[in-house]
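*Asks:* One structure follows; several queries about it will come next.
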Amino acid sequence: MTETIENIQTRRGEDAGPLLSVRDLKVTFQRSGEQPFVAVDGVSFDVRPGQTVGLVGESGCGKSVTSLAIMGLLPERGVKIEGEVLYNGQDLLKLSRNQMRDRRGADLGMIFQDPLSSLNPVVPIGIQVTEVLERHRGLSRKAATPIAREMLEKVGIPDPNRRLTDYPHQLSGGMRQRALIAIALAAQPRVLIADEPTTALDVTIQAQILALLKELVEDTGTALIMITHDLGVVAGLVDRVNVLYAGKIVERGNRHELFAEPRHPYTWGLLNSIPRLDGTRGQKLTPIPGSVSDNLPWASACAFAPRCSQPIEVCREQQPELVEEGTRALRCFNPIDDEVRSGRTPDAQAPTSTQPRDAAYPTDDPKGDPTMEESR
Amino acid sequence: MIRFIVRRLLQMVGVVLILSLLVFLWLRSLPGGTVSAMLGERATPERRAALEKALGLDQPIWVQYWEFLKRALTGQFGSSTGVQPGTDAFQVFLTRFPATIELAFFALVIAVALGIPLGYLAARRRGSIFDNLSIVGSLIGIAVPVFFLAFLLKYWFAIKLHWLPVSGRQDPDINATRVTGFFVLDGLLTREYDASWDAIKHLILPSLALATIPFAVIFRITRASVLEVLDEDYVRTAESKGLTNKVIRGRHVLRNALLPVVTTIGLQTGGLLVGAVLTERVFSYAGLGEALAIAFERRDYAVLQVCILMAAVTFVIVNLLVDIAYAVIDPRVRTR
């Protein structure tokens, strides 16, 4: 069933062309007296209406910086942004600060990681929703309030009338994240960026929030950019996956292809380090050795080589290029082959299972189970 | 909320009782004494004994304290012996209290009106020349003694330039009608606007001198607090909504950044009362501070006791108001 929905979506998306195109985005942090640091190094990807695109990688890979650059939320001082962010063909990076201010919230919405710290503690939830409508739709607060109530209801907040006057500390964690989603979607932006939207939540609440996002995206045709370190989150939600390492995309593909047949050793490693419900008891996880600090500079090598499970000589001598092949792209000299995939897989079922963690996420029920959520 | 206020007022009673004992003992442990101050060092022992007896100072100290407490509860604090000899000490307090409140209020207005906007700007332009200059300025504000600054201001603006009056609360030639004892307010109420204006001119220099320390403290706290809030996630959320600078500044940054500033303002009132002693002395401004200074020199126990205790009551009440204001701005405090 998911297949068909996806096919329809892909077709719909192709007709419309990309809504947001990131082209060769490069973000360099430059502090006086320090070596410049390239956080994002030539990242390109497209998002179509109704499509969900994942940016996956561990902390420090540049995924959050990418999202902040798209939103125009990086500080002006000490940051150099190159490349293009095309929204409906218009380069957002060329807009003035005030023009970009008109776009944020109206065309591009964003959901952040920690719902408690991302909500203003001294302003009622209702006003935090209506202020977006006041700003972008020119409504009075009075006129915006019913819409805000509707939004809260839509994201599954029970008793929205009461919640309008509540403060963030009076809501549970899941409710706060729902409120944050309502805020981001209030002015109906066509692109929504979710930066680790479930990381700060319990597993059961995570599943509900992911289901909610999926439902909203499907209903409204919003393009969703999902940023996460957790491939499990991506598994049930995302159409296209971009795996980032040290500021560059190392592998890209449709969700099913990528999970069924990971080619980059880093993607392979990420998949192997996910705990699985269908694995045998007591089975050990296979972590990727080392950390991001072991990276080599991309200019003269593959940055991942020191941590790679199968490096060859050329990996330390030359930069691998991102090679596109049909729907997929790969930046690797020595990709994982079928033999390794079948031989070293801790669980022999893995290559055939297309959605490794779907078992943990009740995606069949998009509303989740709101009764499970604490609503004090 | 009401329970909270009642509890705080009961606490205040305890504070005042303990303080009354401390002040009482402390005053009587000072060298010299009322009798020496009133009669001079060379008075005959007979005259000294007669005056001591008349003032009740020949009794054991706990009897004196007990007598003081009993009379204080009925509102009698004894007669002034030094500031305005013969006048009831509480009357002395009442005539001078409005003067000091007026002065402290003006000083606080100056400190807040300059400290908060400058603190915000300095934080927004962190590391700029403006930021560094205002930090140096606020350090000077804290470091320069109040009385020294008061003398400087008086010398330049009153004596050299003749822009503002040298001393006092109001020109005696004006002969203004008294209603509340707050001279500026009196002038407005009786429509004697020239009297108000004259009182304001008398207030400018002393309140500037008095405002420096609270200004510097409020400036520094605002700056630090705004810097902290600017890094908060909810400010980034506000930016991601594309809100105007005005809304982000007012609703999201300042409203949160002002929480610690409000607390500071309450604590600074204590400093204002202390600063008033020095400032009022320099400008011969007939307020509580000047009364305290004179009472101290002349060992006027009655006036000292009333003024110190009432200053403590004022301090506690101001901080109660601050706590209420805090609950109004911060919903998290309200529900606790």
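Going down the list, the sequences are from chains A and B. Heads up, the first sequence is in our numbering, so the first residue is 16 and it goes up one at a time. Heads up, the second sequence is in our numbering, so the first residue is 4 and it goes up one at a time. Virtual Cβ for every residue (Gly too), placed ideally from N, Cα, C.
#1: Could you name the residues that DSSP lists as bridge partners for ALA344/A?
#2: Rounded to whole angstroms, what is the Cα-Cα separation between ASP353/A and GLY189/A?
#3: Can a CB atom of chain B be found closer than 7 Å to the CB of ARG391/A?
#4: So, helix, strand or coil for LYS244/B, using DSSP?
#5: Taking the alpha-carbon of LEU58/B as reference, which of ASP303/B, ILE162/B, LEU24/B, THR267/B has the nearest alpha-carbon?
#6: Beta carbon of ILE172/A, beta carbon of ARG156/A: below 7 Å?
#7: List the endpoints of the continuous beta strand (DSSP E) containing ASP56/A.
#8: Do the CB positions of LEU312/B and SER23/B come within less than 7 Å of each other?
#9: To test your reading of the DSSP string, which unbroken alpha helix (DSSP H) runs of 4 or more residues are found completely within the stretch 288-316 of chain B?
#10: Our contact map puts VAL206/A next to ALA238/A with C-beta atoms below 8 Å; I'd like the distance itself, whole angstroms only.
#11: Out of SER132/A, ALA158/A, ALA201/A, state which residue places its alpha-carbon closest to the alpha-carbon of ALA215/A.
#12: What number of angstroms, rounded off, separates the C-alpha of GLY69/A from the C-alpha of LEU285/A?
#13: When you compare the CB positions of THR180/A and PRO136/A, do they come within less than 7 Å of one another, or not?
#14: Quick one: give me the first and last residue of the alpha helix (DSSP H) that ALA209/A is part of.
#15: Tell me which residues share the same chain as VAL325/B and place their Cβ nearer than 7 Å to its Cβ, disregarding the 5 neighbours each side in the sequence.
#16: List the residues of chain B whose Cβ lies closer than 8 Å to the Cβ of ILE198/A, in chain order.
#17: Any idea if TYR102/A is buried or exposed, counting beta-carbon neighbours within 10 angstroms, 16 or more meaning buried?
#18: LEU40/A and VAL58/A: beta carbons closer than 7 Å?
#19: What are the boundary residues of the alpha helix (DSSP H) that MET166/A is part of?
#20: Is GLU272/A helix, strand or coil by DSSP?
#21: Would you say ARG177/A reaches chain B, if we count a Cβ-Cβ gap shorter than 7 Å as a contact?
#22: In the DSSP assignment, find the beta strand (DSSP E) that holds ALA238/A and state where it starts and stops.
#23: Against chain B, does ARG112/A count as a neighbour if the rule is that its beta carbon must be under 7 Å from one of theirs?
#24: Between the C-alpha atoms of GLN364/A and ARG322/A, what's the straight-line distance to the nearest angstrom?
#25: Please report the straight-line C-alpha distance between ALA66/A and LEU134/A, rounded to a whole angstrom.
#26: Would the beta-carbon of ARG284/B fall within 7 Å of that of ALA298/B?
#27: Under DSSP, the beta strand (DSSP E) around TYR102/A begins and ends at which residues?
#28: With H, G and I counted as helix, E and B as strand and the rest as coil, what does DSSP make of LEU72/B?
#29: Taking only the alpha-carbon atoms, compute the straight-line gap between ILE113/B and PHE96/B and give it to the nearest angstrom.
#30: Beta carbon of ARG226/B, beta carbon of ALA126/B: below 7 Å?
#31: Below 7 Å CB to CB, which residues in the same chain sit around THR98/B once its five sequence neighbours on both sides are set aside?
#32: In chain order, what residues of the stretch 94-118 of chain A put their CB closer than 7 Å to some CB of chain B?
#33: I'd like to check one pair, PHE80/B with ALA305/B: are the Cβ atoms closer than 7 Å?
#34: Only counting the same chain, and skipping five residues up and downstream in sequence, which positions put a Cβ closer than 7 Å to that of SER141/B?
#35: Which first and last residues belong to the beta strand (DSSP E) in which TYR260/A is found?
#36: Express the C-alpha separation of ARG116/A and GLN14/B in angstroms, rounding to a whole number.
*Replies:* Let me lay it out:
#1: Here the question's residue 344/A lines up with position 329 in the first sequence. Answer by DSSP bridge pairing, in chain order: ARG267/A, GLU339/A.
#2: Walking along the first sequence from the start, residue 353/A turns up at place 338. Walking along the first sequence from the start, residue 189/A turns up at place 174. In a straight line, the C-alpha of ASP353/A is about 41 Å away from that of GLY189/A.
#3: The count along the first sequence starts at 1 and reaches residue 391/A at position 376. Below a pLDDT of 50, predicted positions are generally treated as unreliable, and ARG391/A, at 40, falls in that range; the measurement from the model is reported next regardless. Using beta-carbon distances, ARG391/A does not count as an interface residue toward chain B, since no partner is under 7 Å.
#4: To locate residue 244/B, count along the second sequence from 1; it is residue 241. In the three-state DSSP reduction, LYS244/B falls in the coil class, being neither helix nor strand.
#5: Position 55 of the second sequence, counting from 1, holds the residue named residue 58/B. Closest option to LEU58/B, Cα to Cα, is ASP303/B.
#6: Here residue 172/A refers to the residue found at position 157 when the first sequence is read from its first residue. Here residue 156/A refers to the residue found at position 141 when the first sequence is read from its first residue. Not closer than 7 Å, so no.
#7: For the purposes of this step, residue 56/A is taken as the residue at position 41 of the first sequence. Its beta strand (DSSP E) spans residues 52-62.
#8: Your numbering for residue 312/B matches position 309 in the second sequence. Your numbering for residue 23/B matches position 20 in the second sequence. The answer is yes: Cβ separation under 7 Å.
#9: List check, alpha helix (DSSP H) in window: 291-300.
#10: Indexing the first sequence from 1 puts residue 206/A at position 191. Indexing the first sequence from 1 puts residue 238/A at position 223. In this structure VAL206/A is in contact with ALA238/A, their Cβ atoms being roughly 5 Å apart against a cut-off of 8 Å.
#11: Translated into the one-based positions of the first sequence, residue 215/A becomes position 200. The shortest C-alpha separation from ALA215/A is found at SER132/A.
#12: In the first sequence, residue 69/A corresponds to position 54, counting from 1. In the first sequence, residue 285/A corresponds to position 270, counting from 1. Cα-Cα distance, rounded: 14 Å.
#13: Position 165 of the first sequence, counted from the start, is the residue given in the question as residue 180/A. Position 121 of the first sequence, counted from the start, is the residue given in the question as residue 136/A. The answer is no: Cβ separation not under 7 Å.
#14: Your numbering for residue 209/A matches position 194 in the first sequence. Looking at the DSSP string, ALA209/A is not in any alpha helix (DSSP H); the run it does join, the beta strand (DSSP E), is 206-210.
#15: For this step, residue 325/B is matched to residue 322 along the second sequence. Here the set comprises VAL265, THR266, ILE268, GLY269.
#16: Start at 1 with the first residue of the first sequence, and residue 198/A comes out as number 183. Going along chain B in sequence order, the residues near ILE198/A (Cβ under 8 Å) are THR240, LYS244.
#17: Counted from its first residue, the first sequence places residue 102/A at position 87. With 16 or more other Cβ atoms from the protein chains shown falling within 10 Å of its own Cβ, TYR102/A counts as buried.
#18: In the first sequence, counting from the first residue as 1, residue 40/A sits at position 25. In the first sequence, counting from the first residue as 1, residue 58/A sits at position 43. The answer is yes: Cβ separation under 7 Å.
#19: As a working mapping, residue 166/A is identified with position 151 in the first sequence. According to the DSSP assignment, MET166/A belongs to the alpha helix (DSSP H) that extends over 156-169.
#20: Taking the first residue of the first sequence as 1, we reach residue 272/A at position 257. Correct three-state label for GLU272/A: helix.
#21: For the purposes of this step, residue 177/A is taken as residue 162 along the first sequence, with counting starting at 1. ARG177/A does not count as touching chain B.
#22: Locating residue 238/A in the first sequence gives position 223, counting from the first residue. ALA238/A -> beta strand (DSSP E) spans 238-243.
#23: For the purposes of this step, residue 112/A is identified with residue 97 of the first sequence, where counting begins at 1. Chain B, which has no Cβ nearer than 7 Å to the Cβ of ARG112/A, makes this no.
#24: Translated into positions along the first sequence, residue 364/A becomes position 349. Translated into positions along the first sequence, residue 322/A becomes position 307. The predicted model places GLN364/A with a pLDDT of 40, which falls under 50 and marks its position as unreliable; any figure quoted below should be read in that light. Taken atom to atom, the span from the alpha-carbon of GLN364/A to that of ARG322/A is near 26 Å.
#25: Numbered from 1 along the first sequence, position 51 holds the residue referred to as residue 66/A. Numbered from 1 along the first sequence, position 119 holds the residue referred to as residue 134/A. Before going further, note that residue 66/A is Gln rather than Ala in the sequence given. Using only the alpha carbons, I get a separation of about 27 Å.
#26: Here residue 284/B is taken as the residue at index 281 of the second sequence, counted from 1. Here residue 298/B is taken as the residue at index 295 of the second sequence, counted from 1. A distance of 7 Å or more separates the beta carbons of ARG284/B and ALA298/B.
#27: Numbered from its first residue, the first sequence carries residue 102/A at position 87. That run of the beta strand (DSSP E) goes 94-102.
#28: Taking the first residue of the second sequence as position 1, residue 72/B is located at position 69. Here LEU72/B sits in helix by DSSP.
#29: Taking the second sequence and counting its residues from 1, the one referred to as residue 113/B is at position 110. Taking the second sequence and counting its residues from 1, the one referred to as residue 96/B is at position 93. ILE113/B and PHE96/B have their C-alpha atoms roughly 25 Å apart.
#30: In the second sequence, the residue the question calls residue 226/B occupies position 223. In the second sequence, the residue the question calls residue 126/B occupies position 123. Contact flag set, yes.
#31: Locating residue 98/B in the second sequence gives position 95, where the first residue counts as 1. For THR98/B, where only same-chain residues beyond five positions count, the Cβ hits under 7 Å are GLY184.
#32: Flagged, chain order: ARG116, ASP117, ARG118.
#33: Along the second sequence, one-based indexing puts residue 305/B at 302. Along the second sequence, one-based indexing puts residue 80/B at 77. A contact, by the Cβ cut-off of 7 Å.
#34: As a working mapping, residue 141/B is identified with position 138 in the second sequence. ALA219, PHE222, ARG223, listed in sequence order.
#35: As a first step, residue 260/A must be located in the first sequence, where it is residue number 245. Secondary structure note for TYR260/A: its beta strand (DSSP E) is the uninterrupted segment 255-260.
#36: On the second sequence, residue 14/B is found 11 positions in, with the first residue counted as 1. On the first sequence, residue 116/A is found 101 positions in, with the first residue counted as 1. When only Cα atoms are considered, GLN14/B and ARG116/A end up about 51 Å apart.
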